[in-house]
Amino acid sequence: MKPVDALLEILRGEGVEYVFGNPGTTELPLLDALVDAPDLRYVLGLQEASVVAMADGYARATGRTAFVNLHVAAGLANGLIGLLNASRSRTPMVVLAGQQDRRHLRADPMLSGDLVGIAAPVAKSAVEVHQAYDLPVLLRRAFALARRPPAGPVFVSVPMDLLEEDGPVAVPEPSRVAGLPAATALGDAVSLLSGASAPVVIAGDGVGREGAVPALVAVAERLGAVVWSQPMFDGVNFPGGHVLHRGMLPPRDASIRAALEPHDVVLIVGCHAFMPHHYTPGPAIPDGTAVVQLDSDQHEVGRNFPVAAGLVGAIGPTLGALDTALATAFAAGPADQAADSAASTAAAVERRLARIGERAARVAAETAAERDAVDDAARARYGPAPLDPLAAMHALAAGLPPDAVVVEEAITAGIALRSVYRPDRPKSYVHTVGGGLGWGIGAAVGSSLGDPARPVVAVLGDGSAMFGLQGLWSAARYDTPVTFVVVNNGEYRTLKDTLDGTKSRSTEQDTYLGLDLPGLDWQAAARLFGLASTRVGHTDELRALVAGAGDRTQPLLVEVPVTTHAFTAASGRSSAEAT
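Quick note: the sequence shown, position 500, residue 500 per full-length UniProt numbering, numbers continuous.
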């Protein structure tokens, strides 16, 4: 078997159905071979960042490892932003890039470069294949490493002449590797959680990635605990409509500390530390609060703060075992209960369960009141364009079909969306905590390709969308029926808000250098790439358009003009902060 044929055979064995790529001369042997491989569909992107974003969305939708093909050093460099996002969001993908012909690498030919050195900072592993017989082994290794916790992108560089060699290459069978078992030695965790007077749970992205949401719900309900989602979460890690779920922790240590202050024990599950965005002094964990931390990545436990009980293992099975152990502990009565009689023990158990029920009821009441207040405020702002951002996001959330997938890359509007959109179904919300802009359009296309049965609505800031605009061409070419909602405020609003929060401003006469985006014509952009488009004139119109997402057979770009940033001199805050 030729090396290029071995490559295709391995892709089939690893469950690959799409090759996401943007080709060049070094990829011609692969492209030529794919002509006779109709089961491996090539998905073309016009720019490498869009290509990697499509693979990211596909991997999230399917739970499988995505495969990407890029072109030499320049193409890999363009794709680095996507690799950074995939690394931070723990998305499994194998990225192969063609290197120049080995026979003249010594001459430093045009387009050559240190591909391994370029990819290494943002990949779990980066290697170059030097011998044809090594290609199958290194590819098998790449797929295995990409999905092993913590998942992420793995890079392989392949010289173009290597794929064209005639020498026979053997393809090894895929390995059968058992997943992580549940963590053991739960005693300390059970003791702390069962004895807590005010426990709190933080649901991290590992919960959603590992399909452990039902197991975490069971533990939270057993404890009657407040549940927060990690800052800037990437997916559904706890049902958004659940009465115990209070929403997202703000991405600042001081705010996290304030939220955790009323609690004596915190259970942190599948969370990559807390990833604060803006610096604030002091730790995230309050003094005196005991931490129980569970993760499938052993390097996370105790990484940024001391833990009283650290658990390493598969998240779902460990939570299941923890719930069973907590049920046993609660049935046995409080640890300090004197075993005078079965009746006294039963009474103590009943009192403890009653306290847990009362605690859960208080949380539910507070949660309902907060949600009602936000929803009422949003509805009160409904009206004609330009729309209020909170009202726009509320109308969008209200219009979503029940099985919709929201791919969100809208910085300030995204924060508003998180306060009003409360998805319960897994994989209904997709975001990247990587921070590399331009991801959203491509990720939405990949999500639609990965799960075409679910309508995809991409919520994009105008500034973010400009970084990945080429992805619209792929959406049109492959008829992915994505509803692209571009929230247009004509500015980098989050930067103005940040400046107002960190700089003393008494008037609006200070200019915001480089923070305005006037003159962007989104209808023209849609026409350029072959998409139908419309411009929303009222919140009710936005809701109706989003409600039709499940009926579309082709992509649609929906421009949503929203109010711009306005400085409030009297308070020294932006209007967004004031509301």
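C-beta atoms are modelled at their ideal positions from N, C-alpha and C, and glycine is treated no differently. The model shown is predicted, which means the values in this text are computed figures rather than measured ones.
Going along the chain, which residues of its own chain have a beta-carbon closer than 6 Å to the beta-carbon of residue 252, five neighbours each way excluded? 276, 278, 280.
By the DSSP assignment, the alpha helix (DSSP H) with residue 100 in it spans what residues? The continuous stretches of alpha helix (DSSP H) do not include residue 100, and DSSP gives it neither H nor E.
Determine the burial state of residue 104: buried for a count of at least 16 other Cβ atoms within 10 Å of its Cβ, exposed for fewer. Exposed, by the Cβ-count rule.
Pull up the CB-CB distance for residue 385 and residue 207, whole angstroms please, since I reckon it's below 8 Å. Contact flag wrong, Cβ pair sits at about 38 Å.
What does the Cβ neighbour count give for residue 130, buried or exposed, with the cut at 16 atoms within 10 Å? Result: exposed.
Hey, how far is the Cα of residue 379 from the Cα of residue 392? Going from the Cα of residue 379 to the Cα of residue 392 covers about 9 Å.
Out of curiosity, what's the CA-to-CA distance linking residue 154 and residue 90? Across the structure, residue 154 and residue 90 are spaced so that their CA atoms are roughly 11 Å apart.
Give the DSSP bridge partners of residue 429, in chain order. Beta-bridge pairing links residue 429 to 406.
I believe residue 26 touches residue 82 by the beta-carbon criterion, under 8 Å. Please report the beta-carbon distance rounded to the nearest angstrom. Contact doesn't hold; Cβ gap of about 19 Å is too wide.
Give me, in chain order, the residues of the same chain whose beta-carbon lies closer than 8 Å to that of residue 564; leave out the 5 immediate sequence neighbours on both sides. Close CB contacts of residue 564 within its chain, under the 8 Å cut and outside five residues either way in sequence, are with 386, 489, 490, 491, 493 (chain order).
Would the beta-carbon of residue 96 fall within 8 Å of that of residue 201? Annotated as distal: residue 96 and residue 201, with beta-carbon spacing of 8 Å or more.
Does the Cβ of residue 19 have 16 or more other Cβ atoms within 10 Å, making it buried, or fewer, making it exposed? Residue 19 is buried by the Cβ-count criterion.
Exposed or buried, residue 370, counting other C-beta atoms within 10 Å across all chains shown (16 or more means buried)? It counts as exposed.
For residue 21: DSSP bridge partner residues: In the DSSP output, where bridge partners are listed per residue, residue 21 has 44, 69.
Write down the C-beta distance between residue 149 and residue 297 rounded to the nearest angstrom, noting that I regard them as a contact closer than 8 Å. Confirmed, about 5 Å.
Which term fits residue 299, buried or exposed, when burial requires 16 or more other beta carbons within 10 angstroms of its beta carbon? Classification of residue 299: exposed, given that the 10 Å Cβ count is below 16.
Assign residue 234 to buried or exposed, taking buried as 16 or more other Cβ atoms, counted over all protein chains shown, within 10 Å of its Cβ. So residue 234 counts as buried.
Rounding to the nearest angstrom, what Cα-Cα distance links residue 554 and residue 484 in this structure? Here the alpha carbon of residue 554 sits roughly 11 Å from the alpha carbon of residue 484.
Neighbourhood of residue 596 by C-beta distance below 8 Å, restricted to the same chain and skipping five residues each side: Coverage of the chain is limited to positions 1 through 579, which leaves residue 596 absent and any answer about it impossible.
Would you mind working out which of 8, 327, 186 sits nearest residue 350, comparing C-alpha positions? Out of 8, 327, 186, 327 has the C-alpha closest to the C-alpha of residue 350.
Quick one: is residue 35 buried, meaning 16 or more other Cβ sit within 10 Å of its Cβ, or exposed? Exposed: under 16 other Cβ atoms inside 10 Å.
Coarse secondary structure for residue 93, derived from DSSP in three states: In the structure shown, residue 93 sits in a strand (DSSP, three-state: E or B).
Let me know the secondary structure DSSP gives residue 509 once reduced to three states. Its pLDDT being 49, under 50, residue 509 is placed unreliably in this model, and the coordinates cannot settle the point.
For residue 467, name the three-state secondary structure that DSSP assigns. It is helical.
Tell me which same chain residues have a C-beta within less than 8 Å of the C-beta of residue 476, skipping the five on either side of it? Cβ neighbours of residue 476 beyond the five flanking positions: 529, 530, 531, 554, 555.
Answer yes or no: do residue 61 and residue 446 have a C-beta to C-beta separation smaller than 8 Å? Yes, they are a contact pair.
Pop quiz: residue 182 and residue 324 are said to be a contact at Cβ under 8 Å. What is the actual Cβ separation, rounded to whole angstroms? Between the beta-carbon of residue 182 and that of residue 324 there is about 11 Å, and that puts the pair past the 8 Å contact cut.
Around the C-beta of residue 321, are 16 or more other C-beta atoms found within 10 angstroms, so that it is buried, or is it exposed? Answer is buried; the Cβ neighbour count reaches 16.
Which two residues bound the contiguous alpha helix (DSSP H) that contains residue 247? Counting along the chain, residue 247 sits inside no alpha helix (DSSP H); it lies in the beta strand (DSSP E) bounded by residues 245 to 248.
Just the C-alpha distance for residue 442 and residue 469, rounded to the nearest angstrom, thanks. Cα to Cα, residue 442 sits roughly 9 Å from residue 469.
Residue from 156, 316, 56, 486 with nearest C-alpha to residue 180: Closest option to residue 180, judged by alpha-carbon separation, among 156, 316, 56, 486: 316.
Residue 226 versus 67, 367, 551, 465, residue with shortest Cα-Cα distance: Nearest C-alpha to residue 226: 367.
If we ignore side chains and look at the alpha-carbon of each, how far apart do residue 584 and residue 174 end up? Residue 584 lies beyond the stretch modelled for the chain, which goes from 1 to 579, so this question has no answer here.
Contacts around residue 139, its chain only, beta-carbon distance under 6 Å, and the 5 residues preceding and following it disregarded: The answer, listed in chain order, is 10.
For a test of the three-state rule: what should DSSP assign to residue 159, helix, strand or coil? Note: residue 159 maps to strand in three-state DSSP.
Other residues of its chain near residue 56: CB distance less than 6 Å, five sequence neighbours each side excluded: So the list reads 86, 91, 443, once near-sequence residues are dropped.
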